[in-house]
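K.L.:
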Amino acid sequence: MITFTEKGKGITVLVIENKAARAEISLYGGNVLSWSPTGEKEVLFKSAKSFFEPGKTIRGGIPVCFPWFGPNQADPKSPPHGFARTSLWRLASVCETPKDTTVILELESNAETKAKWPHEFILTLEVSIGKKLAVTLTTANTGKADFGVTTALHTYFSIGDIKKTSVGGFDKCAYIDRIGEKTIRQQTGDVRISGETDRVYLSGKKCTINDNKKERTIIIESDSFPDTVIWNPWIEKAKAIVDLEDDEYRRFICVEAGSVLENVIMVKGDSSVSQTMTLSLA
Ligand code: TA6
């Protein structure tokens, strides 16, 4: 079943309910705000102080980073993580089956986007909601000239306590430590958070969030995302983030399937590239 509700200042949200799960998707930003498989606790985190108003980013769910991740190298004054997460997407289709519900949203280039980024595109977000959550981001280059993008599904995961959480799957994997001087390091064992953490693991393979407080494991699988970003602001940075409660840093971790920094995805004219992230509970 699909119903519509409103959050904040006129933000339209789809509520999807089927036998296997419940989810919410905001048309503003194309953000999957919530996903909870039936009988399970919410998997995604949303800040209690998140804005839900045009022009402001949503602090939580799955923000879509497009057409650049992080600062825009070409124009440092542009908003970080691009404009897709602060644009109004259109609902293209809904398909319900006995097992799941698939919602497709689209964001098409227009004069406003071209003023920020001079290319023609149709960005599609296909979200399949069931026992698993599959999110596919397709970048279609509807112009003739090739273009390059960096992208990420900047997913906020709800956890019981950051101090009792680890991320498995990156043992011996190289990563870029973005705190202070950018440094290349190698991971040993599981990733544990004990301070501000902002890392790009040079791997998009399967990883797990081991939440020892909630006693659950979240499985993240991705296809065509070569990187995984792990971020937690920790204490001091959390205090400086206006749309985050001071202590909320303990209850979320961002594990983001992405193609970021040097991993630019080239999309030829009149062609498209699809990237998928799939979430499930062990
Ligand atoms: O994905 C990690 C990161 O790039 C961090 O550097 C931090 O800036 C985070 O994203 C949050 O960015 P936002 O613009 O949503 O506050």
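Residue numbers (the numbering used here): -14 to 267. Glycine included, C-beta positions come from ideal geometry on N, C-alpha and C.
With H, G and I counted as helix, E and B as strand and the rest as coil, what does DSSP make of Ala224?
P.N.:
As a first step, residue 224 must be located in the sequence shown, where it is residue number 239. Reading the sequence as shown, one finds Lys at residue 224 and not Ala. In this structure, Lys224 counts as helix in the three-state DSSP scheme.
K.L.:
Keeping to the same chain, check which residues put their C-beta closer than 7 angstroms to that of Lys253; ignore five residues upstream and five downstream.
P.N.:
Within the sequence shown, residue 253 is the residue found at index 268, counting from 1. Counting only Cβ-Cβ distances below 7 angstroms, and skipping sequence neighbours, we find Asn126, Asp131.
K.L.:
Please tell me whether, using a cut-off of 6 angstroms, the distance from the CB of Pro83 to the nearest non-hydrogen atom of the ligand TA6 is below it.
P.N.:
Here residue 83 corresponds to residue number 98 of the sequence shown, with the count starting at 1. No - the ligand TA6 has no heavy atom lying nearer than 6 angstroms to the Cβ of Pro83.
K.L.:
With a CB to CB cut of under 7 angstroms and the five nearest residues on each side skipped, what residues in its chain are close to Ser35?
P.N.:
Your numbering for residue 35 matches position 50 in the sequence shown. Closer than 7 angstroms at the Cβ level, and outside the excluded window around Ser35, lie Ile43, Arg44, Gly45, Asp228.
K.L.:
Figure out for me which residue from Phe54, Ser94, Asp85 has the closest Cα to the Cα of Arg75.
P.N.:
Taking the sequence shown and counting its residues from 1, one reaches residue 75 at position 90. Cα-wise, what sits closest to Arg75 is Ser94.
K.L.:
Do you know offhand how far Thr193's Cα is from Ser151's?
P.N.:
Residue 193 sits at position 208 when you count from the first residue of the sequence shown. Residue 151 sits at position 166 when you count from the first residue of the sequence shown. Each residue's alpha carbon lies about 8 angstroms from the other.
K.L.:
Could you tell me which residues DSSP pairs with Tyr160 in its beta bridges?
P.N.:
The residue given as residue 160 occupies position 175 in the sequence shown. Bridge partners of Tyr160: Arg170, Tyr186.
K.L.:
Does the Cβ-Cβ distance between Tyr13 and Leu73 come in under 7 angstroms?
P.N.:
Walking along the sequence shown from the start, residue 13 turns up at place 28. Walking along the sequence shown from the start, residue 73 turns up at place 88. Yes, they are a contact pair.
K.L.:
Say yes only if the C-beta of Asp183 is nearer than 6 angstroms to one or more non-hydrogen atoms of the ligand TA6, and no if none qualify.
P.N.:
Here the question's residue 183 lines up with position 198 in the sequence shown. Under cutoff, so the answer is yes.
K.L.:
Rounding to the nearest angstrom, what Cα-Cα distance links Gly67 and Arg184 in this structure?
P.N.:
Counting from 1 along the sequence shown, the entry for residue 67 is found at position 82. Counting from 1 along the sequence shown, the entry for residue 184 is found at position 199. Cα to Cα, Gly67 sits roughly 19 angstroms from Arg184.
K.L.:
Locate the alpha helix (DSSP H) running through Lys101, then write down its first and last residues.
P.N.:
Within the sequence shown, the letter at position 116 stands for residue 101. From DSSP, the alpha helix (DSSP H) with Lys101 extends over 96 to 101.
K.L.:
Run the CB neighbour count on Arg235, radius 10 Å, all protein chains shown included, and call it buried at 16 or more, exposed below.
P.N.:
Along the sequence shown, read from residue 1 onward, the residue named residue 235 stands at position 250. When all chains shown are included, Arg235 counts as buried.
K.L.:
Compute the minimum distance between the beta carbon of Trp219 and the heavy atoms of the ligand TA6, and state whether it is under 6 angstroms.
P.N.:
Translated into the one-based positions of the sequence shown, residue 219 becomes position 234. Every heavy atom of the ligand TA6 is 6 angstroms or more from the Cβ of Trp219, so no.
K.L.:
With DSSP collapsed to three states, give me the class of Ala5.
P.N.:
As a first step, residue 5 is located in the sequence shown; it is residue number 20 there, counting from the start. Correct three-state label for Ala5: coil.
K.L.:
Threshold first: 4 residues or longer. Then list the alpha helix (DSSP H) segments lying entirely within the stretch 6 to 43, N to C.
P.N.:
For the stretch 6 to 43, not a single whole alpha helix (DSSP H) run of length 4 or above is found.
K.L.:
Quick check: the stretch 82 to 100 against the stretch 243 to 262, are there 3 or more CB pairs under 8 angstroms?
P.N.:
No, the stretch 82 to 100 does not touch the stretch 243 to 262.
K.L.:
Quick check: Val(-2) and Thr(-10), are their CB atoms within less than 7 angstroms of each other?
P.N.:
The residue given as residue -2 occupies position 13 in the sequence shown. The residue given as residue -10 occupies position 5 in the sequence shown. Contact flag set, yes.
K.L.:
Using the beta-carbon count (16 or more within 10 Å), is Lys31 buried or exposed?
P.N.:
On the sequence shown, position 46 is the one that residue 31 refers to. Burial call: buried.
K.L.:
Which residue from Val258, Ser259, Asn248, Gly189 puts its Cα closest to that of Glu241?
P.N.:
For the purposes of this step, residue 241 is taken as residue 256 along the sequence shown, with counting starting at 1. Comparing Cα-Cα distances from Glu241 to each of Val258, Ser259, Asn248, Gly189, the minimum goes to Gly189.
K.L.:
Please indicate yes or no: does the CB of Trp53 lie closer than 6 angstroms to some heavy atom of the ligand TA6?
P.N.:
For the purposes of this step, residue 53 is taken as the residue at position 68 of the sequence shown. For the ligand TA6, not one heavy atom lies less than 6 angstroms from the Cβ of Trp53.
K.L.:
Just how far apart, CA to CA, sit Lys167 and Cys80?
P.N.:
What you label residue 167 is simply residue 182 of the sequence shown in a count that begins at 1. What you label residue 80 is simply residue 95 of the sequence shown in a count that begins at 1. So the two alpha carbons sit approximately 44 angstroms from each other.
K.L.:
Pick helix, strand or coil for Lys116, following the three-state DSSP scheme.
P.N.:
Here residue 116 refers to the residue found at position 131 when the sequence shown is read from its first residue. The answer is coil: DSSP assigns Lys116 none of H, G, I, E or B.
K.L.:
Can you give the Cα-Cα distance for Leu118 and Ile203, rounded to whole angstroms?
P.N.:
By 1-based counting over the sequence shown, the position of residue 118 is 133. By 1-based counting over the sequence shown, the position of residue 203 is 218. Whole-angstrom Cα-Cα distance: 11 angstroms.
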